[in-house]
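Counting from 133, one number per residue, gives the positions in the sequence shown under the working numbering.
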Amino acid sequence: MKVKVFQDAQSIAEYTADQIQKLMKRKPECVLGLATGSTPVPTYREMIKRYEQGKLDFSQVKTYNLDEYLGLSKENSQSFYYFMWENLFSKINILKENTHLPSGTEADMESYCKVYEKQVEQSGGIDLQLLGIGNNGHIGFNEPEENFSQHVHIVSLTQETIQANKRFFENVQQVPRKAITMGIETIMKAEKIILIATGKAKAKAVYDTISGPVTPWCPASILQRHKDAEILLDLEAAALLKDENINC
Numbered sequence: 133m134k135v136k137v138f139q140d141a142q143s144i145a146e147y148t149a150d151q152i153q154k155l156m157k158r159k160p161e162c163v164l165g166l167a168t169g170s171t172p173v174p175t176y177r178e179m180i181k182r183y184e185q186g187k188l189d190f191s192q193v194k195t196y197n198l199d200e201y202l203g204l205s206k207e208n209s210q211s212f213y214y215f216m217w218e219n220l221f222s223k224i225n226i227l228k229e230n231t232h233l234p235s236g237t238e239a240d241m242e243s244y245c246k247v248y249e250k251q252v253e254q255s256g257g258i259d260l261q262l263l264g265i266g267n268n269g270h271i272g273f274n275e276p277e278e279n280f281s282q283h284v285h286i287v288s289l290t291q292e293t294i295q296a297n298k299r300f301f302e303n304v305q306q307v308p309r310k311a312i313t314m315g316i317e318t319i320m321k322a323e324k325i326i327l328i329a330t331g332k333a334k335a336k337a338v339y340d341t342i343s344g345p346v347t348p349w350c351p352a353s354i355l356q357r358h359k360d361a362e363i364l365l366d367l368e369a370a371a372l373l374k375d376e377n378i379n380c
């Protein structure tokens, strides 16, 4: 695990876009694992900018998203499907059939989890997985629990996550209580992982991820065991770390 600290979110976005650009140059048909929420938005803006400048070509790229709320249709403005098209896909030359997002409205969600897991496997594997981190250390929607999850599954969101996400809804009652998410094992199969954390609210989760034991009570701590994981932080998110934890 490599830990890098940057001045601000824009510097992180530029670095992350650099890594994506290098990957796409080496492998135009690469597979990207994507995340939602406010954290990756600066990176997506930078990707769009580079596409408009002719530096990135998404025509052969495939994407797989981490998660989705249960019960929200694709048309719902708070669905992650809507988010991805609003913030990235509609602004680049990616083919719609090459974008894959888990559905939260299937009649048999348990069976559908296996379908989405197989889709990820059949892609040949994710080359680069983007992650954010929750205030409680969750990645995807893998919440703190007794054991690390394995494959795509349904999860009940913790009150902490519900409260953190209420800012995207009119009120807390509108926040879905369940979601579908890639499991920890699925995420860990990615060739490279980049986790981005910004803001002082993430400082404790970042500290536990990097300096604490590997434990399912801080799901992101599993990244200590990944062969090529980078943790990209702004100054506020890195506030609790000691210098020996930081690579640059």
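Note that beta-carbon positions come from the ideal geometry of N, C-alpha and C, so glycine has one too.
In this structure, glutamate 362 lies away from isoleucine 319, with their beta-carbon atoms at least 8 Å apart.
In the three-state scheme derived from DSSP, where H, G and I count as helix and E and B as strand, serine 222 is classed as helix. In the three-state scheme derived from DSSP, where H, G and I count as helix and E and B as strand, serine 353 is classed as helix.
Shortest Cα-Cα distance from lysine 223 to any of Asp189, Tyr248 and Asp199 involves Asp189. Residues of the same chain with a CB within less than 7 Å of the CB of valine 137, apart from the 5 flanking positions on each side, are Leu365, Leu367, Ala370 and Ile378 in chain order.
At a Cβ-Cβ threshold of 8 Å, glutamine 261 and alanine 337 do not count as neighbours.
Looking from the CA of lysine 159, the closest CA among Val193, Ser235 and Tyr244 belongs to Val193. Under the three-state reduction of DSSP, valine 252 is assigned to helix. In the three-state reduction of the DSSP assignment, glutamine 261 falls in the strand class. With contacts defined as CB atoms closer than 8 Å, glycine 236 and leucine 202 qualify as a contacting pair. The region 305-319 makes contact with the region 263-282, as at least three CB pairs between them are under 8 Å. In the structure shown, serine 143 adopts helical secondary structure according to DSSP, grouped into three states. A residue is called buried when at least 16 other Cβ atoms come within 10 angstroms of its Cβ; arginine 357 does not meet this threshold and is exposed. Per DSSP, the unbroken alpha helix (DSSP H) holding lysine 181 starts and ends at 173-184.
For glutamate 200, the uninterrupted beta strand (DSSP E) segment begins and ends at 199-201. In the DSSP annotation of this structure, the continuous segment of the alpha helix (DSSP H) that includes isoleucine 316 starts and ends at 316-320.
The shortest C-alpha to C-alpha distance from leucine 204 to any of Ser191, Leu164, Ala239 and Pro172 is the one to Ala239.
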